[in-house]
Amino acid sequence: MFRTLFFLLTFVPWTLFVIFTGVPLSLFGADYLHAYARIWGRVSLWLAGVRLTVTGREHLAHNGPVVYMANHVSNFDILALFAGVPDQFRWMAKIELFRIPLFGLAMRRAGAIPVDRSNRRNSVLSMREAVRRIAAGTSVIIFPEGTRSPDGTLQGFKTGSFTLALQAQVPVVPLAIIGSGEVMPKHSRWIRGGHIRLAIMPPVITSGREVAERTVLMEEVRQPIVDALKEAGQA
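Numbering (UniProt numbering), first residue to last: 1 to 235.
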């Protein structure tokens with residue numbers, strides 16, 4: 001309880017400080033705000049008493065944009081990805097987050113792409129915008145499960161994410177987030193602190209492949225995440 005109270009009392013003013021001081025940086029380009037958000041992620045994890053370990057950075061030794069795909073268990077996944085992924089990237093996130101005062105503004109200024117899952121037409125337009133951004137050299141992060149897992153186990157993946165990757169013809173980098181569910185499970189109000197591990201796995205190539213192969217691609221991306229979670233006893 002004390003840890004949760006301390007985190008809330010420090011995280012909220014820290015986040016507001018980052019928004020108010022960081023948004024002006026976006027006038028010079030979204031990359032500056034993203035770099036600032038990485039600091040936000042690291043400090044926020046520290047405030048929660050969470051240690052982050054990242055493995056597999058060597059798999060990012062490539063040129064050009066990629067699509068990152070990660071499992072999703074906890075709100076702390078956002079902090080872990082900001083703090084742990086060394087590359088510039090943009091989020092594809094549900095549109096509801098963009099309606100949060102100040103936070104939504106910061107997300108837009110940082111170049112995040114809203115996805116309206118309740119409206120198929122708008123969702124398709126979001127995917128087209130993501131393809132356009134990737135073609136311009138921007139990496140994106142997607143949670144292919146669509147939402148946080150209710151019990152920590154890996155849920156089924158949505159095929160739209162893989163259609164996007166195949167249309168963009170860029171590698172998909174699987175990410176396994178391990179331990180965030182213990183820090184703060186979905187529907188929990190309590191923060192326990194602990195250790196989050198972010199495993200970056202070898203990219204899966206999409207170049208030359210057709211959209212019709214999206215189910216095969218989905219399994220090629222999902223299996224390494226499954227294996228990493230099983231190894232950690234979380235599958």
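For glycine and all other residues, C-beta sits at the position ideal for the given N, C-alpha and C.
As the structure is a computational prediction, the values presented were derived from the model and not from experiment.
Problem - Inter-residue Cα distance where the pair is GLY146 and THR163 - result: Start at 1 with the first residue of the sequence shown, and residue 146 comes out as number 146. Start at 1 with the first residue of the sequence shown, and residue 163 comes out as number 163. So the alpha carbons of these two residues sit roughly 14 Å apart.
Practice task
Could you spell out where the alpha helix (DSSP H) holding VAL18 opens and where it closes?
Solution key: Mapped onto the sequence shown, residue 18 falls at position 18. It spans 2-22 - the alpha helix (DSSP H) in which VAL18 sits, taken as one unbroken run.
Exercise for the section: Using the Cα positions of ARG128 and SER74, report the straight-line distance between them to the nearest angstrom. Expected result: In the sequence shown, residue 128 corresponds to position 128, counting from 1. In the sequence shown, residue 74 corresponds to position 74, counting from 1. Rounded to whole angstroms, the separation of the alpha carbons of SER74 and ARG128 is 28 Å.
Practice task
Confirm, please, whether the CB-CB distance from THR15 to PHE103 is below 9 Å.
Solution key: Position 103 of the sequence shown, counted from the first residue, corresponds to residue 103. Position 15 of the sequence shown, counted from the first residue, corresponds to residue 15. Their beta carbons are under 9 Å apart, which means PHE103 touches THR15 by this criterion.
Problem - Whole runs of the alpha helix (DSSP H) within the region 168-226, excluding any shorter than 4 residues - result: 180-183
Practice task
Give, in chain order, every unbroken run of the beta strand (DSSP E) that is at least 3 residues long and sits entirely within the UniProt domain "Phospholipid/glycerol acyltransferase" (66-180).
Solution key: 67-70, 90-94, 113-115, 140-142 and 172-178
Practice task
Please name the residue in PRO171, ALA83 and SER139 whose C-alpha comes closest to that of THR55.
Solution key: The residue given as residue 55 occupies position 55 in the sequence shown. Of the candidates PRO171, ALA83 and SER139, the one whose C-alpha sits nearest the C-alpha of THR55 is ALA83.
Practice task
Can you give me the Cβ contacts of GLY181 inside the same chain, cut-off strictly under 8 Å, excluding the 5 residues immediately before and after it?
Solution key: Position 181 of the sequence shown, counted from the first residue, corresponds to residue 181. Once the five neighbours on either side are set aside, the close Cβ partners of GLY181 are VAL73, SER74, SER149, GLY152 and GLN234.
Handout entry: Nonlocal neighbours in the same chain, by C-beta distance under 6 Å from ARG197, ignoring five residues either side
Key = By 1-based counting over the sequence shown, the position of residue 197 is 197. Hits under 6 Å: THR53, ILE178 and GLY179.
Exercise for the section: Determine the contact status of ILE113 and VAL67, defining contact as a CB-CB distance below 9 Å. Expected result: Locating residue 113 in the sequence shown gives position 113, where the first residue counts as 1. Locating residue 67 in the sequence shown gives position 67, where the first residue counts as 1. Contact flag unset, no.
Exercise for the section: Return the bridge partner residues of ARG51 from the DSSP annotation. Expected result: Position 51 of the sequence shown holds residue 51. Beta-bridge pairing links ARG51 to HIS195.
Handout entry: PRO224 versus ARG133 - alpha carbon distance
Key = Taking the sequence shown and counting its residues from 1, the one referred to as residue 224 is at position 224. Taking the sequence shown and counting its residues from 1, the one referred to as residue 133 is at position 133. Each residue's alpha carbon lies about 26 Å from the other.
Handout entry: Secondary structure of ALA37, DSSP reduced to three states
Key = Your numbering for residue 37 matches position 37 in the sequence shown. If DSSP states are grouped into helix, strand and coil, ALA37 belongs with the helices.
Problem - Beta-carbon gap between residue 242 and VAL50 smaller than 9 Å - result: Outside the displayed span of the chain (1 to 235) sits residue 242, for which this structure offers no information.
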